[in-house]
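Trainee: Residues in the sequence shown are numbered from 742 upward in steps of one, following this note's numbering. C-beta atoms are modelled at their ideal positions from N, C-alpha and C, and glycine is treated no differently. Only a predicted model underlies this, so the values are computations on that prediction, with no experimental measurement involved. Handing you this structure, nothing more for now.
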Amino acid sequence: MARNKVRPRTDALDGPNEVLLVSGSGPSSSAVPVSKLRRVLQQAVHSYHIHLSWTTRQTFLVVVNLFGLLYLFVTVPFRVAFYYDPYDDHHSWTKELTVFTAIDTLIDLIALVQFRFFFSRWRRTQPSVFSATSEVTSTRRSDTNTLTRTPSFIEHQRQGKVKWTIATILSASSMPETVVSKRTQLRLELLLELVALVPVEVIPIALRAFNVLHLVRITKLCRLYKLRRCFARIAKLYSHRAWSQHLSSTGVDTLVRTIGVCAGLCHWAACGYMLIAHLQCGVGLEFCHQDTETSWVVRDRLFGASVARKYGRTLYWASRTLVLLGYDDVTPVSNAETLYTVVVVLMGALCGSSLLANFLFLFRFRNARYAAYTTHVDNAREYMRSRNIPRPLRHQVMAFFSYSWNAHQSLDGEEALRLMPKHLQSKVVFNIKASRLKQVCFLTKESIEFTNMLALALVRRVYSPGDQIIEPKINAETFFVIRGKVVVSAFNGSNAKEFSAGEFFADVCLLDPEQYEQKAVAKTFCELYVLAKSKFDEALKEFYRGNEADVRLRMTDTLDKYLNQLQKMQKMLGMQGIREGGSRKMLMSSHSLIAEDKTTAESVRGISWQHPGSYFSVLWDTARLAAIVYVAFEVPYFAVFITMGDEADIFMVHQDVSLRYVLTVLVEVLLGIDLFLRARYFSYLDPNVMLNVVQPSLIFENYKANGFYIDLVAWLPVGLVLDFLPAGTIHGYSAIFRLLRMLRIRLIPSLLANLADFYGLSSKLQTVVFLVLGVTLMLHVVGCAWFQMTLIEQDSDSLLGDIATMSALTRPECLEQATKFQNCTWVIYDCYSHIGVTFPVENPESMYQAPFAYLRSLYWAVVTLTAVGYGDIVAYSTAESYFAAFWIFVGGIINFGVVGAMSSTISNAMAPHHHYMEKINTLNHVLERMEVSEHLSGEIRRFYHQQFTGRKQCYESQLLSNLPDQLCYKISSLLHSEAVKCIPLFNSASTGFLKEVTGKFRHRSYQNGETICLEGDVCRKFFVFLHNSKVNLFFRLRKAPVRALCNGDSYGVNEFLLRRPYPATIRAAAHVQASVMTREQFDVIQRKFAKDVGDMKSKAEALVIVDQNRLERIVANLEKLKLQPHSMHTPTLFYQRDNALITKGTQQLVRGIHLRESLTTVWNALVTSWNWN
742 MARNKVRPRT DALDGPNEVL LVSGSGPSSS AVPVSKLRRV LQQAVHSYHI
792 HLSWTTRQTF LVVVNLFGLL YLFVTVPFRV AFYYDPYDDH HSWTKELTVF
842 TAIDTLIDLI ALVQFRFFFS RWRRTQPSVF SATSEVTSTR RSDTNTLTRT
892 PSFIEHQRQG KVKWTIATIL SASSMPETVV SKRTQLRLEL LLELVALVPV
942 EVIPIALRAF NVLHLVRITK LCRLYKLRRC FARIAKLYSH RAWSQHLSST
992 GVDTLVRTIG VCAGLCHWAA CGYMLIAHLQ CGVGLEFCHQ DTETSWVVRD
1042 RLFGASVARK YGRTLYWASR TLVLLGYDDV TPVSNAETLY TVVVVLMGAL
1092 CGSSLLANFL FLFRFRNARY AAYTTHVDNA REYMRSRNIP RPLRHQVMAF
1142 FSYSWNAHQS LDGEEALRLM PKHLQSKVVF NIKASRLKQV CFLTKESIEF
1192 TNMLALALVR RVYSPGDQII EPKINAETFF VIRGKVVVSA FNGSNAKEFS
1242 AGEFFADVCL LDPEQYEQKA VAKTFCELYV LAKSKFDEAL KEFYRGNEAD
1292 VRLRMTDTLD KYLNQLQKMQ KMLGMQGIRE GGSRKMLMSS HSLIAEDKTT
1342 AESVRGISWQ HPGSYFSVLW DTARLAAIVY VAFEVPYFAV FITMGDEADI
1392 FMVHQDVSLR YVLTVLVEVL LGIDLFLRAR YFSYLDPNVM LNVVQPSLIF
1442 ENYKANGFYI DLVAWLPVGL VLDFLPAGTI HGYSAIFRLL RMLRIRLIPS
1492 LLANLADFYG LSSKLQTVVF LVLGVTLMLH VVGCAWFQMT LIEQDSDSLL
1542 GDIATMSALT RPECLEQATK FQNCTWVIYD CYSHIGVTFP VENPESMYQA
1592 PFAYLRSLYW AVVTLTAVGY GDIVAYSTAE SYFAAFWIFV GGIINFGVVG
1642 AMSSTISNAM APHHHYMEKI NTLNHVLERM EVSEHLSGEI RRFYHQQFTG
1692 RKQCYESQLL SNLPDQLCYK ISSLLHSEAV KCIPLFNSAS TGFLKEVTGK
1742 FRHRSYQNGE TICLEGDVCR KFFVFLHNSK VNLFFRLRKA PVRALCNGDS
1792 YGVNEFLLRR PYPATIRAAA HVQASVMTRE QFDVIQRKFA KDVGDMKSKA
1842 EALVIVDQNR LERIVANLEK LKLQPHSMHT PTLFYQRDNA LITKGTQQLV
1892 RGIHLRESLT TVWNALVTSW NWN
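This is the structure in structure tokens:
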């Protein structure tokens, strides 16, 4: 294929950054005589190119190069530390050298082929680099200020799409430095390649010093500079995959890189520790005496140890040292070992600090947006639970929050737009919105200025599945679908049509709303741009001043022509396909409508037991979670401590019908019933349309796609059946079949999330519960695995038998036996020497039973994870050393991660209180500096304190600000149902009007002393006061209040309906909570219920006059001479102790009374104490 023969080009400024092992014929291959072997190789390569995709070929080549580099990274220090003997005079050839030499030859051949392509590209790039340098130099010497591009840059742009970064937008002044650095980099890379290519192995082979072959491989480490480039190449090849994007995201890439560096450092530190010991004692430790501790290998009793055991012990030491875990085994002895340990400890401190910093960045800063989102969700969940919002409605709110986060990574879909500069905002808005307006037939040929005016009038709205978007005859808006799906149909549900992103509907409503006789229902969560007819008319009138009638007529003619042409086209194409599609879409629409009615009915009479969110479903999920957690803890314990082989059975556990077995059977019966119910009866929520699917066949299909077969395999009771069979090797298979039940662990996160959502747990508490449960389960598994390590590779020559000898067993003796026979483990030393007892196989009354051994294993796992490092339980055998090294390293990473997650969770939970205290401290400093009076300072502090303590009770406005209109309506209807009953003017209104008004109320909160509204201002809202509110009413700018408003009173209703100013000023006398109706919300209702509003206006005319006369009579009475002194000293009509009227003459008397009462109390206390004694 021609496309497979094209060789990728390399930019002059990039150099050989992407030079990897490639294949393909070069431009001069035809001039070289081709041998038969070469022809066969070319055919194989050609076949390889044809049958594999480009990504697969590149991946294979990168993996080959990566294998060679990792081989060098791992084996070079390993061979120097464990195989190179500086005191070897014989230099004999060994089996290890045979294996290493074969692999080395393969790696060197790959490197040679790679260098061939590297050098050819390096030669081609040198002229380009020099030309770029001269180009930039001449540009800088020119007297003109014109910026020119280098030919290589233009050449690079013509190769295809360029990934633009900050580095690609360089100024001309920075180009010379870039070119010079590239030249230096190319020369350095060529030098490293030449050094690695030198065949220094020839020298020791010629001198027959074969042992030196392990040492001379150090020069091959010069190729390791390409290691990072290989990983970057893999990330680039799979940049479209989700896992690659996640690993390449900010913070995660640094964390992964840090963990990789720490793992590599652990390997190199282990090799260095062994190298120091070999330099002192030799590879066979022949230069050190067993009774004289001159090195750590002597103390660790590694005489006669294999390479695997040596590496296991050094890796065990390296992981402990880097994680800063202070055990007292494998410790340094000589000066060189001590100095080396100090250096490794310092490097471990740097690694630990880097890991902790990365985790803190991930949890605290990188996830700041998610933390803000979860905080809002937690506050909303707590507020809805405190106000007794029904669970189905709460579930809809949580579902919308999840959709908003998944779609926008925020609760505000236009947050990213607001972060842009103003001039860029306008360009983006006009580009997005104006393009949608151009789709309307009668707006296509309109001017750009008029289209931009309409674009400014577009409003974004969000709808939940099943929400009624428009209704026939009353709609006066046009809708443009941004995201989601909308079903538009006739009033009876016929002729349904589905609209998705990029489409629009109800465009005729801009010209003649009465002609539109369809309704629209949201099928999924959808976002729409809405253009109201009133905004369209305003733009039309403002832009076409005096000619708006002619323009409207022209638009109407254009729309009629478009509709006629569309009908003709439908007749030409035939209506059969349209009818079929329409009927199919109608079916989906009717299904969603029926589901909506069903959901509404269920919310009234309760959710069915088989639906998600029902009480039965929640209780069943709770039992299911408890059963899975029991399985997760029981299976590892059973596999390790119960089903031990006959030879290794030191606890003599009899597998009879015990409480554990009965509980296990009950759990399996429960999970079997759950398998049947979930395959047929338990409905699931469709995430697209947010509807419960109840059809058994669809339920089973969904369950099959989401783990039915995995659950079936995990449930098969083969292990329980095998337990009844006679004892023998078959019980080992019983443990294997029981381990299949651990597949259910994958369900724990989803079950925890569902239960937390049902019980209203905050995300912070969910994080804590998940971390505690996850870490506990991991510690349980690690503890069981730690004990299992004691049963691996035991020799038949056992130490067991002489109890007196085993009781006097020391740690060096156990290490020596572990080195020779692999049979002295931590359990043997812990039982005989540390605890001082025997195993149940020797003494059935021994305390070292299986539960006690499990607790000791769990104790080691916890001590290791938390980096406490008591050192009473340590690794002895080789298997224990490798497992301990692995868990210490992984546990250290988990420890840093848990610390970062918990600190972030606690700081987020305490953030509101800390911000409040910081605000109060700043306020106190300002008040003290400005010498504000104590009385006024106390009022200011009380204001902020009430604002902080009442923030959760007043969360309605924040909750409703991010929800769709229909959800806002449902929540508001529940919260403000009592407020509507407190308005006498609404008693005669229709039921539909009351429902609409109730859904449009919003909650507002006012602090003590805050002015709610001013006399003479235009009445744009009216109030209904709730929850022990206290409000003073001031008339005609008087300082004395003339009326008191409290719980259940309303104000401004009549003036609001008649569009008149407020007759008086009202001011809060305490913390006030009110239901408020705004003009914008009421205008929508007024157009829909014009008759009801007209009747109320006629009644409001009379009530306004009555209220005005009442206030004037009250003011006239207060102006009388007898009442003026009292009214002048009455700032409020409510009793307040701080504002009680106390004259200057009586203040001293009051103080004296208080002093006398205090002295009397103290005297009575002394007399009572004396009499008691």
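Using the Cα positions of Asn1795 and Asn1858, report the straight-line distance between them to the nearest angstrom.
Mentor: Each residue's alpha carbon lies about 25 Å from the other.
Trainee: With DSSP run on the structure shown, which of helix, strand or coil describes Gly1724?
Mentor: One point to set straight first is that residue 1724 is Ile, not Gly, in the sequence displayed. In this structure, Ile1724 counts as coil in the three-state DSSP scheme.
Trainee: Roughly how many whole angstroms lie between the Cα atoms of Leu1907 and Val1765?
Mentor: In a straight line, the C-alpha of Leu1907 is about 54 Å away from that of Val1765.
Trainee: Of the residues Leu929, Gly992, Gln1150 and Arg1419, which one's Cα is nearest the Cα of Leu1104?
Mentor: In the sequence on display, residue 1104 carries Phe and not Leu. Of the listed residues, the one whose Cα sits closest to Phe1104 is Gly992.
Trainee: Going by C-alpha to C-alpha distance, which of Ser1714, Phe1742, Glu1821 and Met1530 sits closest to Arg1800?
Mentor: Minimum Cα distance to Arg1800 is reached at Glu1821.
Trainee: Starting from Asn806 and walking both ways along the alpha helix (DSSP H), at which residues does that stretch end?
Mentor: That run of the alpha helix (DSSP H) goes Trp795 to Phe823.
Trainee: What three-state label does DSSP hand Tyr1611 in the structure shown?
Mentor: Three-state DSSP puts Tyr1611 in coil, outside helix and strand.
Trainee: Assuming the contact rule is C-beta atoms closer than 8 Å, Lys1274 and Ala1217 should be a hit. Round their C-beta distance to whole Å, please.
Mentor: Lys1274 to Ala1217, Cβ: 4 Å. Contact.
Trainee: Give the straight-line distance between the Cα atoms of Leu1864 and Phe1734, rounded to the nearest whole angstrom.
Mentor: Between Leu1864 and Phe1734, the C-alpha separation is close to 45 Å.
Trainee: Leu1152 and Ser1145 look like a contact to me (Cβ under 8 Å); what is the Cβ gap, rounded to whole Å?
Mentor: Correct: roughly 5 Å between the Cβ atoms.
Trainee: Excluding the 5 residues preceding and the 5 following Leu1786 in the sequence, name in chain order all residues of the same chain whose CB lies nearer than 7 Å to its CB.
Mentor: Contacts found: Phe1766, Val1772, Leu1774, Tyr1792 and Ile1807.
Trainee: Taking all protein chains shown into account, decide if Tyr1803 is buried (16 or more other Cβ within 10 angstroms of its Cβ) or exposed.
Mentor: Flag for Tyr1803 reads buried.
Trainee: Which stretch, first to last residue, makes up the beta strand (DSSP E) that contains Met1818?
Mentor: Met1818 -> beta strand (DSSP E) spans Val1813 to Thr1819.
Trainee: If the criterion is Cβ atoms closer than 8 Å, does the pair Ala1148 and Ile1210 meet it?
Mentor: Contact: no.
Trainee: Once the 5 residues before and after Ala950 are set aside, which same chain residues still bring their CB inside 6 Å of it?
Mentor: Closer than 6 Å at Cβ, skipping near neighbours: His832.
Trainee: For Ile1211, which beta-bridge partners are listed by DSSP?
Mentor: The partner list for Ile1211 (beta bridge, DSSP) reads Ala1261.
Trainee: Taking the alpha carbon of Cys1267 as the reference point, which residue from Asp1208, Ala1237 and Asn1108 has its own alpha carbon closest?
Mentor: Checking every option, the nearest Cα to that of Cys1267 belongs to Asp1208.
Trainee: Measure the alpha-carbon distance for Ala1113 versus Ser1504 and round it to whole angstroms.
Mentor: The alpha-carbon atoms of Ala1113 and Ser1504 are separated by roughly 11 Å.
Trainee: At what residues does the beta strand (DSSP E) containing Thr1185 begin and finish?
Mentor: It is not in any beta strand (DSSP E) - Thr1185 carries neither H nor E in the DSSP assignment.
Trainee: Determine, using beta carbons only, whether Thr1363 and Leu1496 come nearer to each other than 8 Å.
Mentor: Result yes, Cβ atoms of Thr1363 and Leu1496 sit closer than 8 Å.
Trainee: On the three-state DSSP scale, how would you describe Asp1298?
Mentor: Correct three-state label for Asp1298: helix.
Trainee: Short of 7 Å in beta carbon distance, which residues of its chain neighbour Val763, apart from the five on each side in sequence? Order them along the chain.
Mentor: At Val763, the pLDDT of 39 sits below 50, so the modelled position is not reliable; the number obtained from the coordinates is stated separately. Within the same chain, Val763 has close Cβ partners Leu802 and Phe858.
Trainee: Looking only at its chain, what residues have a beta carbon closer than 8 Å to the beta carbon of Thr1185, apart from the 5 residues adjacent to it on each side?
Mentor: These residues qualify, in order along the chain: Lys1179.
Trainee: Going by DSSP, what residue range makes up the beta strand (DSSP E) through Lys1762?
Mentor: Lys1762 to Leu1767 is the span of the beta strand (DSSP E), which, as asked, contains Lys1762.
Trainee: Please check the pair Phe1742 and Val1817, which I expect to be a contact at CB under 8 Å, by giving their CB distance rounded to whole angstroms.
Mentor: Rounded, the Cβ-Cβ distance is 7 Å, consistent with contact.
Trainee: With H, G and I counted as helix, E and B as strand and the rest as coil, what does DSSP make of Glu1321?
Mentor: Note that Glu1321 scores 33 on pLDDT, short of 50, meaning its location in the model is unreliable; the coordinates nonetheless yield the value given after this. Here Glu1321 sits in helix by DSSP.
Trainee: From the DSSP output, in three-state form, read off Cys707 for me.
Mentor: Outside the displayed span of the chain (742 to 1914) sits residue 707, for which this structure offers no information.
Trainee: Which residue wins for smallest C-alpha separation from Asp720, given the options Val1408, Leu1252 and Gln1256?
Mentor: For the chain, the structure presents residues 742 to 1914; residue 720 sits outside this window and is missing.
Trainee: In terms of DSSP beta bridges, what is Val1381 paired with?
Mentor: According to DSSP, Val1381 bridges with nothing at all.
Trainee: Would you report the Cα separation of Glu1586 and Ser1127, rounded to the nearest angstrom?
Mentor: Approximately 57 Å between the Cα atoms of the pair.
Trainee: Cα separation between Thr1901 and Met1658?
Mentor: Cα to Cα, the separation comes out at about 38 Å.
Trainee: Using the C-alpha atoms, what's the distance from Val1222 back to Tyr1204?
Mentor: Those two C-alpha atoms are separated by around 11 Å.
Trainee: Only counting the same chain, and skipping five residues up and downstream in sequence, which positions put a Cβ closer than 8 Å to that of Ala1420?
Mentor: Ile1440, Phe1441, Tyr1444 and Phe1449.
Trainee: Grab me the residues of Met1869's own chain with a C-beta within less than 8 Å of its C-beta, minus the 5 sequence neighbours each way, in chain order.
Mentor: If we look at Met1869 and ignore the five residues flanking it on each side, its Cβ neighbours are Lys1780 and Ala1781.
Trainee: In whole angstroms, what is the alpha-carbon distance linking Gly1679 and Arg1745?
Mentor: About 24 Å.
Trainee: Relative to the C-alpha of Gly1612, which residue among Ser1618, Phe1106, Tyr1600 and Ala1620 is closest?
Mentor: Measuring from the Cα of Gly1612, the nearest candidate turns out to be Tyr1600.
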